[in-house]
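Asker:
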Amino acid sequence: HDQYMELINGYVERKQPADAELVLDEMEDDGALPRAVCLNAVLNGWCEAGRMDEALGVLERMKTLGCQPIASTYNTLIKGLGKAGRLADTTVLLKAMLASDNAKVRPNLRTFNTLINGWCEVGKVDEARRVLGMMRGSGIDPDVVSYNTLIKAYGKAGQLERAESIVTEMENAYLRPNERTYGVLVKSYCEHGKMMEAMDLIDWMRTKGVAPNVTIYNTIIQGFVQKRQMISAKRVLEKMEGGGVQPDVASFSTLMNGWAVAGDAEEARKVLEGMKEAGIAPDVEAYSVLAKAYSRSARCEDAEVLLAEMTEQTLEPNVVTYTTILSCYCSRGQMEAAMRLFRGMDEVGVPPNGYTYRTLVWGFSEAKEPWKTEEILSHMEASGQLPD
RNA sequence: AACUCAUGAAGCCUUG
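This is the structure we're talking about:
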């Protein structure tokens, strides 16, 4: 039983839901009735892979095995269907849940919130609001998450005044906006370049008794970075330090990324050093950003040196790190160097992905040697890689 | 144990 579970979890983690499902077959053959945990795990695996028909198949399997799907099972499916753009198919599930007289099956807060999020993701906020009404009708009051999700949707759509009005709406429902509520709002303003408003929210949330956290500040840093306002971005970093909020690795990475995009490797490097001085250890992402900074200034060798620097700190460069450096060589037309790195990836056990392949193909075509993509294509086939 | 909301990395082929 436990061994089966471990097997299943292993396959699911490795994103091989088909193999996980095979374990279920084995269990049945061995006369061990798959428990709900196992079935849920497999179902989850299919959902994460976006294979919703298979996931729904597991639901049927549960029923035939006499295993009662509970609300969380349905929730997983609803989320998956939403991500697959099949929200319409959730109505059947919701009906089944509502029809149940088992409290464990009936839709819960998460069910509705997942639905709300699904509709919001496809920009159908009106549908999302309908779900709000529906949940009240079934005796479940919307919570902070429900409202945060709505705020996010309006924010994304650029309807910032509507977003703000949802905040008052939730307050009227005796719900206190939390860190995330303000986080979503700040993000929305940043996305639309309204940095003044975003900054003002920091003070506003304080007056509301919610202390701005590191994520809020990081979001604002990112906002300035996207507007290419590096001085302001840096000021936010200093402001947070002054405000008693410790910048984290993401704060510095975000700032560094701004310099990377600007092609200023020296400034990027300074940020990395500053981060170390602040006692924060750069992680793989941080180094990848620095690699990008060197790449954008065509300093491929400096970028490549980072691989060793990372290893010294027992950090393992990943596919993004490699692809970044590789693209540098590609853009310089040095395809031998790019291929050297590409082959090196296999040796260190970092399998290339679609981005890597595309970068190389692009590089060869730029270098006017399209026939050399042969090795890459065969490598792709051998590893069973298909463009994601 | 798995299910809902905010922050950082790869020249990206639904945005000019």
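Residue 180 in our numbering sits at position 177 of the first sequence, with consecutive numbering throughout.
Backbone N, C-alpha and C fix where the C-beta goes; we use that ideal spot for every residue, glycine too.
Since we're looking at a predicted model, the values are computed, not measured.
#1: For a test of the three-state rule: what should DSSP assign to Ile234, helix, strand or coil?
#2: Which same chain residues end up closer than 6 angstroms to Asp251 when comparing Cβ atoms and leaving out the 5 residues on each side of it in sequence?
#3: Comparing C-alpha positions only, which one of Met243, Thr362 and Leu36 sits nearest to Lys66?
#4: In three-state DSSP terms, what is Lys190?
#5: Determine the extent of the alpha helix (DSSP H) in which Gly142 is found, giving its start and end residues.
#6: In the DSSP assignment, find the unbroken alpha helix (DSSP H) run with Pro20 in it and report its ends.
#7: Taking Lys273 as the reference, give the member of Gly245, Cys303, Lys237 and Met243 with the closest Cα.
#8: At 4 residues or longer, what runs of the alpha helix (DSSP H) sit wholly inside the segment 50-100?
#9: Which ranges would you report for the beta strand (DSSP E) in the segment 309-378 if only whole runs of at least 3 residues count?
#10: Under 9 angstroms, do Trp262 and Ala306 count as touching if we go by C-beta distance?
#11: How many angstroms separate the CA atom of Gly126 from the CA atom of Ile223?
#12: Less than 9 angstroms separating the beta-carbons of Ala265 and Val292?
#13: Excluding the five sequence neighbours on either side, which residues of its own chain have a C-beta within less than 7 angstroms of the C-beta of Val61, listed in chain order?
#14: Please classify Met199 as buried or exposed, where buried requires at least 16 neighbouring CB atoms within 10 angstroms.
#15: Give every residue of the same chain whose Cβ lies closer than 8 angstroms to the Cβ of Lys107, excluding the five residues on either side of it in the sequence, and list them in chain order.
#16: So, is Asn175 buried or exposed, given that buried needs 16 or more other C-beta atoms within 10 angstroms?
#17: Please work out which residues of its chain come closer than 7 angstroms, Cβ to Cβ, to Pro390, disregarding the five sequence neighbours upstream and downstream, and give them in chain order.
#18: Indicate the three-state DSSP secondary structure (helix, strand or coil) for Leu10 in the structure shown.
#19: Short of 6 angstroms in beta carbon distance, which residues of its chain neighbour Leu178, apart from the five on each side in sequence? Order them along the chain.
#20: Taking its Cβ as the centre, do 16 or more other Cβ atoms sit within 10 Å of Gln225, making it buried, or is it exposed?
#21: Taking only three categories from DSSP, how would you classify Asn181?
#22: By how many angstroms is the C-alpha of Gly246 removed from the C-alpha of Gly202?
#23: Tell me whether Val252 sits in a helix, a strand or coil according to DSSP, three-state version.
#24: Which word fits Leu380, buried or exposed, when buried means at least 16 other C-beta atoms lie within 10 angstroms of its C-beta?
#25: Answer yes or no: the CB of Leu27 versus the heavy atoms of the ligand MG, is any distance below 8 angstroms?
#26: Taking the alpha helix (DSSP H) that Val203 falls in, what are its first and last residues?
#27: In three-state terms, what does DSSP make of Gly266?
#28: Check each candidate in Tyr14, Asn321, Asp349 and Arg89 and name the one with the smallest Cα separation from Ala294.
#29: Alpha carbon to alpha carbon, how far is Lys155 from Phe227? Give it in angstroms, no decimals.
#30: Return the chain-ordered list of same chain residues with a C-beta closer than 6 angstroms to the C-beta of Ile205, the five sequence neighbours on each side being excluded.
#31: Looking at C-alpha atoms only, which residue of Leu310, Gly336 and Glu315 is the closest neighbour of Tyr325?
#32: What does a CB cutoff of less than 8 angstroms around Met313 pick up in its chain, not counting 5 residues either side in sequence?
#33: Below 9 angstroms between beta carbons: does that hold for Thr152 and Cys123?
Answerer: With the structure as the only source:
#1: As a first step, residue 234 must be located in the first sequence, where it is residue number 231. Correct three-state label for Ile234: helix.
#2: Reading the first sequence from its first residue, position 248 is the one you call residue 251. Only Val217 meet the Cβ criterion.
#3: In the first sequence, the residue the question calls residue 66 occupies position 63. It is Leu36.
#4: On the first sequence, residue 190 is found 187 positions in, with the first residue counted as 1. Helix.
#5: Start at 1 with the first residue of the first sequence, and residue 142 comes out as number 139. Element bounds for Gly142: n/a, residue is neither H nor E.
#6: In the first sequence, residue 20 corresponds to position 17, counting from 1. Run containing Pro20: Pro20 to Asp32, per the alpha helix (DSSP H) assignment.
#7: The residue given as residue 273 occupies position 270 in the first sequence. The candidate whose alpha carbon is nearest that of Lys273 is Lys237.
#8: 55-67 and 74-86
#9: none
#10: The residue given as residue 262 occupies position 259 in the first sequence. The residue given as residue 306 occupies position 303 in the first sequence. The answer is no: Cβ separation not under 9 angstroms.
#11: For this step, residue 126 is matched to residue 123 along the first sequence. For this step, residue 223 is matched to residue 220 along the first sequence. Taking the straight line joining both Cα atoms gives about 24 angstroms.
#12: Taking the first residue of the first sequence as position 1, residue 265 is located at position 262. Taking the first residue of the first sequence as position 1, residue 292 is located at position 289. Not a contact, by the Cβ cut-off of 9 angstroms.
#13: Taking the first residue of the first sequence as 1, we reach residue 61 at position 58. Cβ neighbours of Val61 beyond the five flanking positions: Leu42, Val45, Leu46 and Trp49.
#14: On the first sequence, residue 199 is found 196 positions in, with the first residue counted as 1. Looking at its Cβ environment, which holds fewer than 16 other Cβ atoms inside 10 Å, Met199 is exposed.
#15: As a working mapping, residue 107 is identified with position 104 in the first sequence. Excluding positions up to five away in sequence, the list reads Gln71, Ile73 and Ala74.
#16: In the first sequence, the residue the question calls residue 175 occupies position 172. Its Cβ having fewer than 16 others within 10 Å, Asn175 is exposed.
#17: On the first sequence, position 387 is the one that residue 390 refers to. With a pLDDT of only 44 at Pro390, under 50, the local geometry of the prediction cannot be trusted, and no value is derived from it.
#18: Locating residue 10 in the first sequence gives position 7, where the first residue counts as 1. Reduced to three states, the DSSP call for Leu10 is helix.
#19: Residue 178 sits at position 175 when you count from the first residue of the first sequence. Result list for Leu178: Val147, in chain order.
#20: Taking the first sequence and counting its residues from 1, one reaches residue 225 at position 222. Gln225 comes out buried.
#21: Taking the first residue of the first sequence as 1, we reach residue 181 at position 178. Of the three classes helix, strand and coil, the one that applies to Asn181 here is coil, per DSSP.
#22: In the first sequence, the residue the question calls residue 202 occupies position 199. In the first sequence, the residue the question calls residue 246 occupies position 243. This sequence places Met at residue 202; Gly is not what is there. For Met202 and Gly246, the distance between alpha carbons rounds to 13 angstroms.
#23: In the first sequence, residue 252 corresponds to position 249, counting from 1. Val252: helix per DSSP, three-state reduction.
#24: If you number the first sequence from 1, residue 380 lands on position 377. Exposed, because fewer than 16 other Cβ atoms sit within 10 Å of the Cβ of Leu380.
#25: Within the structure as shown, the ligand MG is missing, as the structure has no ligands at all.
#26: Position 200 of the first sequence, counting from 1, holds the residue named residue 203. Here residue 203 is Asp; the residue named in the question, Val, does not match the sequence. Where Asp203 is concerned, the enclosing alpha helix (DSSP H) stretches over Met198 to Thr210.
#27: On the first sequence, position 263 is the one that residue 266 refers to. Reduced to three states, the DSSP call for Gly266 is coil.
#28: Here residue 294 refers to the residue found at position 291 when the first sequence is read from its first residue. Of the listed residues, the one whose Cα sits closest to Ala294 is Asn321.
#29: Reading the first sequence from its first residue, position 224 is the one you call residue 227. Reading the first sequence from its first residue, position 152 is the one you call residue 155. Rounded to whole angstroms, Phe227 to Lys155 spans 20 angstroms at the Cα level.
#30: If you number the first sequence from 1, residue 205 lands on position 202. Around Ile205: Pro215.
#31: On the first sequence, position 322 is the one that residue 325 refers to. Minimum Cα distance to Tyr325 is reached at Leu310.
#32: Your numbering for residue 313 matches position 310 in the first sequence. Closer than 8 angstroms at the Cβ level, and outside the excluded window around Met313, lie Val287, Tyr290, Glu319, Pro320 and Thr324.
#33: Residue mapping note: residue 152 aligns to position 149 of the first sequence, counting from 1. Residue mapping note: residue 123 aligns to position 120 of the first sequence, counting from 1. Result yes, Cβ atoms of Thr152 and Cys123 sit closer than 9 angstroms.
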